[in-house]
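First the structure, in the form of structure tokens, and then the observations on it.
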Amino acid sequence: MSSVNDWLALGTVGMTAGSVILALIGVTMRKEDRHHVYLAMAITLIAATAYYAMLNNVGDIMVGGVTVQLARYVDWVVTTPLLLISLISIALPSGKSKNKMSLIWAVVGLDVYMIITGVIASLVNNDTRWYWYAFSCVALLGVVYMLYGTIMNESKKVAGKKISQLYTYVALYLSVLWAAYPVVWYLSGVGVNKISFASENYAYAVLDLLAKVGFGIVVLVSVSRLAASAKPKAGESTVEAASK
Ligand code: RET
């Protein structure tokens, strides 16, 4: 049986190595597309430090005999909005969608609410925690609804088929992984206590690596492949060129 610290070390090393991999893919990309790289790397570097904090028990608190790792939630409240912005930057090319910023704020607002109500659920040491858990799950459904409804429609309208197909694929990757988080929480010590603290840390480490490093690789490789077929002009981003 591996211990909690092994999984936290895996997270720290994995996020750091992931940042290097993203940088290496980034240097092969066009300058006009590098903003995708900066966002992807900000996400993995923040996570690397959050894992390092958890490895050193920074931000760990006890609630009713169960350890709650606050650093995890601090990571998520910063990086999940960045992941959503990264996804939306594929769906909606700048300059084409008048509604881009308000759509971003709507999704990010819901997402931050989802994490904050998740923290409250972890800190409340009685049965009302399930209400907070439910609020958080409803917010997650709201995020998924916005991604597949409003933003998908806007993407089809302003960016055309090529881009909206790519967006659908990346949004599906993100949604499937995100749906697993409330399941892990439910099974863990703060939920119904069916899995050990080590298993909880293992599950979150694997999910986080797929949701951050895996997601970053999918985004960067997709944009690079699209650049080859969309033939963008100098000064024009690939998403912009592919949305004509
Ligand atoms: C919590 C518990 C309460 C119910 C819900 C949750 C959702 C969390 C999610 C986290 C996503 C994290 C990601 C991290 C990337 O590395 C807070 C676990 C709905 C969706 C993608």
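Numbering (the working numbering), first residue to last: -1 to 242. Virtual Cβ for every residue (Gly too), placed ideally from N, Cα, C.
Check	Outcome
Local Cβ density within 10 Å of residue 128, reported as buried at 16 or more and exposed below that	exposed
Helix, strand or coil at residue 18 according to DSSP, with G and I counted as helix	helix
For residue 59, the first and last residue of its enclosing beta strand (DSSP E)	58 to 61
Proximity test, residue 128 beta-carbon vs the ligand RET heavy atom, cut-off 7 angstroms	no
Top-ranked residue by Cα proximity to residue 199, from 52, 163 and 91	52
Residues that residue 76 bridges to, as DSSP identifies them	Beta-bridge pairing links residue 76 to no other residue.
Beta-carbon proximity list for residue 43, same chain, < 7 angstroms, skipping 5 on both sides	17
Residue closest to residue 102, alpha-carbon to alpha-carbon, out of 114, 84 and 178	84
Residue -1 versus residue 188 - alpha carbon distance	Unreliable placement is indicated for residue -1, whose pLDDT of 49 sits below 50; no coordinate value is reported for it.
Simplified DSSP state of residue 66, which is helix, strand or coil	strand
Cβ neighbours of residue 179 in the same chain (closer than 7 angstroms, five flanking residues each side left out)	205
Residue 76 versus residue 235 - alpha carbon distance	26 angstroms
Beta-carbon separation (whole angstroms), residue 168 vs residue 88, contact threshold 8 angstroms	6 angstroms
Backbone secondary structure at residue 42 - three-state DSSP	helix
Residue 94 to residue 158 span [Cα, whole Å]	11 angstroms
First through last residue of the alpha helix (DSSP H) which encompasses residue 206	195 to 207
Local Cβ density within 10 Å of residue 229, reported as buried at 16 or more and exposed below that	exposed
Three-state secondary structure assigned by DSSP to residue -1	Since pLDDT at residue -1 reaches only 49, below the 50 mark, its modelled position is unreliable, and the value read off the structure follows with that caveat. Correct three-state label for residue -1: coil.
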